[in-house]
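Engineer: Residue numbers (UniProt numbering): 1 to 340. Yeah, the Cβ is synthetic: ideal placement off N, Cα and C, and Gly gets one too. Could you have a look at this structure, given as structure tokens, before my questions?
Structure representation (structure tokens):
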């Protein structure tokens, strides 16, 4: 069980750090909301430490140690760690899922860029779909088809984030757009990070990224309707709120360089209302055949890990490899590179 004071700390962290998730979480039943707040607080802490710290590689390696302690049943004496250790025990959380998130954060710390859209989806699988798969575990959902659609939703959300933050990321030296798209447009990555411009080519890339996100949002809907009924409204709300960010990017003319898409409180309330209606209709709507679509290649490992009745707690070779790369980076050995 999560300690009440730890849960209160986690909820406060989410209230100030992720308004969209906090709003959606209020629509979840307490049996899901409480562990979800603990999960998101730990993930948010992990993301902030890597994203905002000056020693990103060291932050990832410290997170590795914290995960090791949590899975050993000896969490660090911090509210997020104790709460996360509690949900590991209560829900038999597969180690591969938080490890995938750790790997994605390690890719950020190693300054990976992605040659193709598949590479961007692989990154999105780790930093977003892994969280979606963990949410399914908290709902006691282990069905592979439902998990695949949850992973679709995670990738769609992350692609929306990338589309919204193109300019902000570029000014920080980061590029998440596929490098082959930049090459096709004749845009040099170095010049782009020095002076990103919202020209027609760049706007076209943002449009393409949002089109892929929309395709995955649609695929995800059948999975939402396969979740426990009481949990559907909250997940529908998250899906509609994030898709709304994409629509705002469109209204800005796909300019993510000089403008940042924002949604209002009234818009969020409208999407919450729509989510309640979607849930009501889902009870009487036949199951869509889309739920049986094959998972994206990039998320298949998450579906496999989360659907196992007795999940492995061992760390994957891929995660060990990227952590070793970060240790070498800390020691001043080796180079960073692209990840296709």
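Would you please state the rounded distance, in angstroms, between the beta carbons of residue 196 and residue 167? I believe it to be under 8 Å.
Structural biologist: Right, their Cβ atoms sit about 5 Å apart.
Engineer: Just the Cα atoms here: how many angstroms apart are residue 85 and residue 71?
Structural biologist: Approximately 7 Å, taken between the alpha carbons.
Engineer: Which of helix, strand or coil does DSSP assign to residue 316?
Structural biologist: Here residue 316 sits in coil by DSSP.
Engineer: Across the region 226–233 and the region 248–264, are there enough close Cβ pairs to call them in contact, namely three or more that are closer than 8 Å?
Structural biologist: The answer is no - the region 248–264 does not touch the region 226–233, with fewer than three Cβ pairs under 8 Å.
Engineer: Taking only runs that begin and end inside the region 149–191, name each unbroken alpha helix (DSSP H) of 4 or more residues, in chain order.
Structural biologist: Entirely contained in the region 149–191, the alpha helix (DSSP H) runs reaching 4 residues are, in chain order, 166–171, 179–184.
Engineer: Suppose the cutoff is 8 Å on Cβ atoms and the five residues either side in sequence are ignored; what does the same chain contact list for residue 279 look like?
Structural biologist: Result list for residue 279: 229, 232, 233, 236, in chain order.
Engineer: With distances taken from CA atoms, which of 225, 125, 153 is nearest residue 285?
Structural biologist: Comparing Cα-Cα distances from residue 285 to each of 225, 125, 153, the minimum goes to 225.
Engineer: What separation, rounded to the nearest whole angstrom, lies between the Cα atoms of residue 48 and residue 128?
Structural biologist: Taking the straight line from one Cα to the other gives about 14 Å.
Engineer: I'd like the ranges of any alpha helix (DSSP H) spanning at least 4 consecutive residues and lying wholly in the region 62–147.
Structural biologist: Those alpha helix (DSSP H) runs which fall completely within the region 62–147 and span 4+ residues are 79–91, 96–109, 117–124, 130–138.
Engineer: Which first and last residues belong to the alpha helix (DSSP H) in which residue 300 is found?
Structural biologist: Looking at the DSSP string, the run of the alpha helix (DSSP H) that includes residue 300 is 300–307.
Engineer: Taking Cβ positions, are residue 216 and residue 152 nearer each other than 7 Å?
Structural biologist: Yes, the Cβ-Cβ distance between residue 216 and residue 152 is below 7 Å.
Engineer: Once you ignore the five residues that flank residue 68 on each side, which residues in its own chain have a CB closer than 8 Å to its CB?
Structural biologist: There are no such residues.
Engineer: Comparing alpha-carbon positions, which option in 27, 7, 21 lies nearest residue 276?
Structural biologist: Of 27, 7, 21, the residue nearest in Cα terms is 27.
Engineer: Would you say the region 162–177 touches the region 316–325, given that touching needs at least three Cβ pairs under 8 Å?
Structural biologist: Contact fails: fewer than three Cβ-Cβ distances are below 8 Å.
Engineer: One question on the structure: do residue 206 and residue 254 come within less than 7 Å of each other, judged by their Cβ atoms?
Structural biologist: A contact, by the Cβ cut-off of 7 Å.
Engineer: Report yes or no: do three or more beta-carbon pairs, one from the region 171–188 and one from the region 110–127, lie closer than 8 Å?
Structural biologist: These segments touch.
Engineer: Between residue 174 and residue 123, what straight-line distance do the alpha-carbon atoms span, to the nearest angstrom?
Structural biologist: Looking at the two C-alpha atoms, the distance is approximately 13 Å.
Engineer: For residue 184, count neighbouring Cβ atoms within 10 angstroms of its own Cβ and tell me buried if that reaches 16, exposed if not.
Structural biologist: Classification for residue 184: exposed.
Engineer: Over what stretch of residues does the alpha helix (DSSP H) that includes residue 250 continue unbroken?
Structural biologist: 229–251 is the span of the alpha helix (DSSP H), which, as asked, contains residue 250.
Engineer: Is the distance from the Cβ of residue 25 to the Cβ of residue 36 below 7 Å?
Structural biologist: Against a cut-off of 7 Å, the Cβ pair of residue 36 and residue 25 comes out as a contact.
Engineer: Helix, strand or coil for residue 289? Go by DSSP, reduced to three states.
Structural biologist: DSSP places residue 289 in helix when its eight states are reduced to three.
Engineer: Using DSSP with H/G/I as helix, E/B as strand and the rest coil, what is residue 30?
Structural biologist: Helix at residue 30.
Engineer: Select from 55, 38, 249, 209 the residue whose C-alpha is nearest the C-alpha of residue 331.
Structural biologist: Cα-wise, what sits closest to residue 331 is 55.
Engineer: Out of 96, 102, 29, 140, point me to the one whose CA is closest to residue 46's CA.
Structural biologist: Out of 96, 102, 29, 140, 102 has the C-alpha closest to the C-alpha of residue 46.
Engineer: Would you report the Cα separation of residue 293 and residue 5, rounded to the nearest angstrom?
Structural biologist: Looking at the two C-alpha atoms, the distance is approximately 42 Å.
Engineer: In the DSSP assignment, find the unbroken alpha helix (DSSP H) run with residue 267 in it and report its ends.
Structural biologist: Where residue 267 is concerned, the enclosing alpha helix (DSSP H) stretches over 265–284.
Engineer: Mapping the DSSP letters down to three states, classify residue 257 as helix, strand or coil.
Structural biologist: Coil.
Engineer: Between residue 112 and residue 289, what straight-line distance do the alpha-carbon atoms span, to the nearest angstrom?
Structural biologist: Roughly 36 Å separates the two Cα atoms.
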